[in-house]
Structure formats: structure tokens, C-alpha cells
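First to last, the sequence lines map onto chains B and X.
The first sequence lines up with residues 1 to 114 when you count with this note's numbering.
The second sequence lines up with residues 115 to 227 when you count with this note's numbering.
Just so it is clear, CB atoms sit at the ideal spot from N, CA and C, and this is done for glycine as well.
Scroll down for the structure; my scribbles are underneath it.
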Amino acid sequence: KQEVTQIPAALSVPEGENLVLNCSFTDSAIYNLQWFRQDPGKGLTSLLLIQSSQREQTSGRLNASLDKSSGRSTLYIAASQPGDSATYLCAPSGGGGATNKLIFGTGTLLAVQP
Amino acid sequence: ETGVTQTPRHLVMGMTNKKSLKCEQHLGHNAMYWYKQSAKKPLELMFVYSLEERVENNSVPSRFSPECPNSSHLFLHLHTLQPEDSALYLCASSPPGVAGTQYFGPGTRLTVL
Numbered sequence: 001k002q003e004v005t006q007i008p009a010a011l012s013v014p015e016g017e018n019l020v021l022n023c024s025f026t027d028s029a030i031y032n033l034q035w036f037r038q039d040p041g042k043g044l045t046s047l048l049l050i051q052s053s054q055r056e057q058t059s060g061r062l063n064a065s066l067d068k069s070s071g072r073s074t075l076y077i078a079a080s081q082p083g084d085s086a087t088y089l090c091a092p093s094g095g096g097g098a099t100n101k102l103i104f105g106t107g108t109l110l111a112v113q114p
Numbered sequence: 115e116t117g118v119t120q121t122p123r124h125l126v127m128g129m130t131n132k133k134s135l136k137c138e139q140h141l142g143h144n145a146m147y148w149y150k151q152s153a154k155k156p157l158e159l160m161f162v163y164s165l166e167e168r169v170e171n172n173s174v175p176s177r178f179s180p181e182c183p184n185s186s187h188l189f190l191h192l193h194t195l196q197p198e199d200s201a202l203y204l205c206a207s208s209p210p211g212v213a214g215t216q217y218f219g220p221g222t223r224l225t226v227l
């Protein structure tokens, strides 16, 4: 059974800092891994999707890496801004069939102070 | 705006009520999902539908009953719920295959009194 751990659980940084969020998972047989952002009481927004054959993906100030064999992924946020404040969720996918089953971690709650 | 809508956004119900949550997508996706998000816990996958057929039921109590009448609509029928069922219920959809992302709706905040 896939288990996902995210460290740290919460993080508070001043604006402008570069930061790293960590995700580890127990079953390396995944199709892909996604990073999501969730604002309080809202749904999830997909940030980055890394296929199992890829090592990293970049979008603007965000860079996500994947080391499938060791069961780890990191999300790097450059030059953080107050608008980045949210909960960040890591979700590797796996399972059989034609559907994309995601297993979520408990997330990292990020607060960027102005 | 992801193209996945959920109604209602907020729902308060008593333990003896019957209500339904609705999810709709017009993205051409053929798989739809219900998730439960409780405080301090990871999102839990409840049900998965692929091509309108239920392919996953993660040991969800029978007081939750899903329905997928077509590939664009997904319902979650609720009856005789318990206070511990209070949570944010999220719907998602995904395109064919396993390599794509899931698109989430804004969720329904459910409170059971």
C-alpha cells in the first residue's frame, strides 16, 4: 500500500527566500507524480506533473524533481512571494486499470511573510 | 477555474436527512473521482468511475452512494450520515489513460449536525 510523507508539515519564511518541500513515497511503481496547491477551503490546483520516466519539470518559479528509485520528490520554489502561501500536496499515482489513482500526503502548509 | 464544478458549495444536514452532491465536467474526460478531505488527514479516495462504470470503492460506508449517469456528471447521495462525515468532499476528473493529471472541483463543505 502506497504511503506518502511530506516534510516539513508547516513552513514559514520571509518573502524572497528560496525553499524546498520534500515528499517521500513507499512504492516506487508509479506512473507519475503530481504536485498540487490548495488554498484554504478550496479545491486543488495542479502545479507540476512529472512522468515516471522524467527527472524534473519546471514551471516559472517552480521546479519539481523525481527520484523514483529512492521514492522521493522535491518541490523547489524560487523567490517566494506572499501569494505562494497555501498547502502544497504531493501525489504519486499508481494502480491498475485505465484510471489515474492518486495517493496524497498530508501536505506542507506554507506561509510566506511580506 | 478548472472546468469541474460542484454544487452545493456548502451543505449543513442533520443525521436523518438525505441529500446529494453534484459534480459536472465538460472537459471530455472519461474518469471521475470522489475524494474526502477531513481535517489533519490526507485526501482519501472514495470512488472512481471510468466510462460511467464504478471501478473503485475504497471501503466506503453504504451511507455514501455514488451515481454516474454519464461521463459528464457524478453524484454522491448521502443518507443517515454521522458527525464524523463532516469534511470537504472533492470531485475530480481525468482524461483517458494514466499519464494525465486530475482536475479538481472547488469542493463541497459538508457539516453533519
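Selection from Ser176/X, Asn184/X, Leu190/X, Leu227/X that minimises the alpha carbon distance to Glu198/X
Measuring from the Cα of Glu198/X, the nearest candidate turns out to be Leu227/X.
Are the CB atoms of Val118/X and Gln139/X within a distance shorter than 8 Å?
Yes.
What does Val226/X reach in chain B if we use C-beta pairs closer than 8 Å?
Under the 8 Å cutoff, chain B gives no residues; its nearest Cβ is about 17 Å from Val226/X.
Taking the C-alpha atoms as reference points, what is the distance between Cys90/B and Lys133/X?
Cα to Cα, Cys90/B sits roughly 32 Å from Lys133/X.
Distance cutoff 8 Å, beta carbons only. Does Gly16/B sit that close to anything in chain X?
With 8 Å as the cut-off, Gly16/B does not count as an interface residue toward chain X.
First and last residue of the uninterrupted beta strand (DSSP E) at His124/X:
Unbroken beta strand (DSSP E) run through His124/X: 124-127.
Residue-chain proximity (Thr132/B, chain X), Cβ-Cβ < 8 Å
Residue 132/B cannot be examined here, being either before or after the span of chain B that is shown, 1 to 114.
Buried or exposed by the 16-neighbour rule on C-beta atoms within 10 Å, applied to Ile50/B:
Buried, since its Cβ has 16 or more Cβ neighbours within 10 Å.
Quick check on this structure: which residue in Lys155/X, Leu159/X, Lys154/X, Thr194/X has the alpha carbon closest to the alpha carbon of Cys205/X?
Nearest of Lys155/X, Leu159/X, Lys154/X, Thr194/X to Cys205/X, Cα basis: Leu159/X.
With Gly41/B as the anchor, note down where its beta strand (DSSP E) starts and where it stops.
That residue, Gly41/B, is in no beta strand (DSSP E); it is neither H nor E in DSSP.
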